[in-house]
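Engineer:
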Amino acid sequence: MTKFNRTLVTTALPYANGPVHIGHLAGVYVPADIYVRYLRMKGEDVLLIGGSDEHGVPITIKAKKEGITPQDVVDKYHNIIKDSFKKFGISFDVYSRTSSKVHHETATEFFKTLYDKGEFTEKTSEQFYDADAKQFLADRYITGTCPHCKYEKAYGDQCESCGTTLNATDLIDARSAITGNKPELKETKHWYLPLDKYEPFLKEWILEEHKEWKPNVYGQCKSWLDNGLHPRAVTRDLNWGVPVPIEGADGKVLYVWFDAPIGYISATKELTPDWEKYWKAKDTKMVHFIGKDNIVFHCIIFPAMLKAEGSYILPDNVPSNEFLNLEGDKISTSRNWAVWLHEYLEEFPEKQDVLRYVLTANAPETKDNDFTWKDFQARNNNELVAIFGNFVNRALVLTHKYFGGIVPQAGELTDFDKETLAQIPVIKAEIEKNLDTYHFREGLKVAMSLARLGNKYLADTEPWKVIKTDEARVKTILNISLQISANLSTLMEPFLPFTAEKLRGFLNIDRIEWADVTADALDAGHQINKPELLFEKIEDATIQAQVDKLEATKVANELENRVVTPVKENISFDDFMKMDIRVGTIIDAEKVAKTKKLLKITVDTGVDTRIVVSGIAEHYKPEEIIGKQVSLLMNLEPRKLKGIESQGMILMAEDADGKLAFVSPDKAVTAGSEIR
Ligand SMILES: [Zn+2]
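For the sequence shown, this note's numbering begins at -11 and goes up steadily by one.
(1) Evaluate I613 with the Cβ neighbour count: other Cβ atoms within 10 Å of its Cβ, from every protein chain shown; 16 or more gives buried, anything less gives exposed.
(2) Mapping DSSP to helix, strand and coil, what is A670?
(3) Of the choices S602, H330, A156, whose alpha-carbon is the least far from that of L639?
(4) Helix, strand or coil for S254, going by three-state DSSP, please let me know.
(5) So what's K170 in DSSP terms, helix, strand or just coil?
(6) Which residue marks the beginning of the beta strand (DSSP E) containing V275, and which one marks its end?
(7) F277 to I37, Cα distance in whole Å?
(8) Regarding A142 and ligand 1, is the C-beta to nearest heavy atom distance less than 7 Å?
(9) Mind checking whether the beta-carbon of Y139 lies closer than 7 Å to any heavy atom of ligand 1?
(10) Tell me S602's beta-bridge partners as DSSP assigns them.
(11) Pull up the CB-CB distance for V306 and W201, whole angstroms please, since I reckon it's below 8 Å.
(12) Whole angstroms are fine: how far does the CA of N357 sit from the CA of A292?
(13) Out of E148, D120, D225, E187, state which residue places its alpha-carbon closest to the alpha-carbon of K318.
(14) Would the stretch 34 to 53 count as touching the stretch 253 to 263 if we require 3 or more Cβ pairs under 8 Å?
(15) Based on Cα-Cα distance, which residue from T176, E297, T449, P135 lies nearest to G239?
(16) If we ignore side chains and look at the alpha-carbon of each, how far apart do Y666 and A439 end up?
(17) Counting only runs that start and end within the stretch 421 to 459, where is the alpha helix (DSSP H) found for 4 or more residues in a row?
(18) Which of helix, strand or coil does DSSP assign to N305?
(19) Can T152 be considered in contact with ligand 1, in the sense that its beta carbon sits closer than 7 Å to one or more heavy atoms?
(20) What is the DSSP secondary structure of M637, counted as helix, strand or coil?
(21) If you measure between the beta carbons of D341 and T487, is that distance less than 8 Å?
(22) Rounded to whole angstroms, what's the CA-CA distance from V205 to T272? Just pull it up for me.
(23) Nearest to I575 by CA position, among K542, P2, Q617, is which residue?
(24) Starting from Y117, trace the alpha helix (DSSP H) in both directions and tell me its first and last residue.
(25) Tell me which residue opens and which closes the alpha helix (DSSP H) that A165 is part of.
(26) Let me check one thing: in DSSP terms, what residues is V222 bridge-paired to?
(27) Could you spell out where the alpha helix (DSSP H) holding G39 opens and where it closes?
(28) Using alpha carbons as the reference points, say which of M436, H514, R499, S88 lies closest to G31.
(29) Does the distance between the C-beta of S87 and the nearest non-hydrogen atom of ligand 1 fall short of 7 Å?
(30) What separation, rounded to the nearest whole angstrom, lies between the Cα atoms of T260 and Y266?
(31) Should S211 be listed as close to ligand 1, given that the test is whether its C-beta is under 7 Å from any heavy atom?
(32) Do T48 and W245 have their CB atoms nearer than 8 Å?
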């Protein structure tokens, strides 16, 4: 194993066309922050790098839609994102942006180096062009049907349904996202990175040398490599981005996925003149925290770029998570189906750690997971309040009550005391093992087991009873409880930094380094402060308000997507009166053999009993409609369906999704009542 002397941690650059939501946090930023805080506490040399990704087509589309400039769009969201990360305690050493000067210079230089080395191939090809909009249709400017999964809203660069990366010309029935026009093909020149050339190297490096990568990451890479890599264009016809720095490339910029990962380098440059040590020294460990939609860019394309450049190191690990869903539905910026960080921070003041806790305890490390507000409440009330908070509160309050807030001297330890204290180093080692291998969910669970241990210790030793007979014993019990509390403030620090700080305040201590987690972290005689509650209960009404908010989003989305059929031409009263519509009662119903949709229905119409064939079998079971009163168009010409003569038509209401419902009187009426 390589001996590393420093660690460079990068986090996927959030795209500056919207704020950050819980899916981003659970997938990337919370685990990265836990990892970095842990390494810092161990005294290691580590940097946490982040920044906003501000180029690419979605930003230009958004600007066009809102009638503002792309710069306006990215300024707005960069500030929201940066601010909310800071308030949430994501401890970036630098949070930069790709529209910055240093990034444009760095990306330009990177491209030029590869260009001068002859690493690119130039190719003129036919690309989609929108003649009305007078521009080429790169990436998301084009939509169409995915050739692999037939999803109808695939983009020119990727199908979000099956995850395949695409070339725009692969799309079936492609349309311009600007005008909706069928685009024409027009010749244009671009520069390609021949990924196929790096295939043997990537196979060796990932498939042979990095078998320890998470199975979801390794598996996706393997499938890409097994399918064979192809040259990929790294430039685009677009006016927003880093201009292609060579002659004859007017109106072209670097592909956003070429320039974005270089943003990690630019941000490090912005942070320290010593940046090369972190990017080029062989004893630097580089780790990319990303979501699963970015695996191909961080494991295949960026490493190929770095390898082509020649002077950079490659990542040692790419711990990517799966996706977090929200209340059973995929999180979506465009559908506003998300819990937005900046809103959470306003609606749940001082509760950063509750969200950090829930997102880590429920992290989508190995499979997609679901965030629900009920679970959020339960984890807060049943775990943070009832276990962690309760233990600490009891230990501190009793110390004040019996000993004036002074850490008492422990007397002789019982076997139970010794066993309890012996757990501290075991738990510490177990947390280390998990964090060193990017198992954050399990790491938190182990850290919580120390709070559980403390809670159980107090419940078993019952100092509030023992105080009546044996004060010396209570001194020992509380001394041990306070040692556990002090160590909790250290071992919880990577996960719950705000809580750890609060707890240190109660204990009146400075931060303890990771190495100093021991059974006697507090000296006898030390004065502690008056404690407040570490966590507060979250009430049902608070949770209901969040559920209602999501429900309102759902309704708004439905309204937005509702397709309303235009009103038909006027008709005369006489025309209407020609129709004979009456209330009938269904007296029998059965499925028409060998059909999926048809029911043979017998209706008592008041004047006769007749048979109607109706296409409602996918909506109603025969037995559930018998006895129902319905509206029947009596004088529709009879027609034969599957050999059965249908005498009339039962009227149905049909919504945009094709859902059918009977039109029935709101109270029982005599069969045969006329409807007019
Ligand atoms: Zn697809």
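Just so you know, even glycine gets a beta-carbon here, dropped at the ideal spot from N, CA and C.
Everything numeric in this text was worked out from a predicted model, so none of it was measured.
Structural biologist: Taking the structure as given:
(1) buried
(2) The structure shown does not extend to residue 670, since the chain spans only -11 to 664, so no value can be given for it.
(3) S602
(4) helix
(5) coil
(6) 272 to 279
(7) 10 Å
(8) yes
(9) yes
(10) L587
(11) 7 Å
(12) 32 Å
(13) E148
(14) yes
(15) T176
(16) Residue 666 cannot be examined here, being either before or after the span of the chain that is shown, -11 to 664.
(17) 428 to 449, 451 to 454
(18) strand
(19) yes
(20) strand
(21) yes
(22) 22 Å
(23) Q617
(24) Element bounds for Y117: not the alpha helix (DSSP H) but the beta strand (DSSP E), 109 to 118.
(25) Where A165 is concerned, there is no enclosing alpha helix (DSSP H), given that its DSSP letter is neither H nor E.
(26) Answer is none; V222 lacks a bridge partner.
(27) G39 -> not in any alpha helix (DSSP H); beta strand (DSSP E) instead, spanning 34 to 40.
(28) R499
(29) no
(30) 10 Å
(31) no
(32) no
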